[in-house]
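So the sequence shown is numbered by this note's numbering: it starts at 436 and just counts up by one. Glycine residues also receive a C-beta, built at the ideal position from the N, C-alpha and C atoms. These figures come from a predicted structure and were not determined experimentally. A quick write-up on the structure given underneath.
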Amino acid sequence: MKTYITSSPEIMSGAPVIAGTRVPIARIVYLLKDGFTMEQISRQFPHVGLKKLRGAVNELAQKVETIPYGTQISQTQAAA
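Structure (structure tokens):
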């Protein structure tokens, strides 16, 4: 499985980002929450591309599905 989300202390202070970019996955989530479509977000981050953007959101959704309800996690754990 391709990894679309990474985390490194040297990039954005360790916040989970879309692999190969400095785009925090949290920023994408907030834009989706605010009603932006994937296509609109892709236009804001043309260097990411729609395929990679969708892959990152799908990867995040898969990770969230494995976390028991009520569990608190750090940003680093979310990227693992």
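Expected contact under 8 Å - CB spacing of residue i and residue j to nearest Å
i, j, result
"M473", "R457", "About 19 Å; that fails the 8 Å criterion."
"I460", "A491", "6 Å"
"E500", "Y439", "The Cβ separation is near 16 Å, so there is no contact."
Where residue i falls: helix, strand or coil (DSSP)
i, result
"I453", "strand"
"S443", "strand"
Distance, residue j Cα to residue i Cα
i, j, result
"I463", "G470", "11 Å"
"Y465", "I476", "11 Å"
"T506", "K486", "30 Å"
"K468", "A496", "14 Å"
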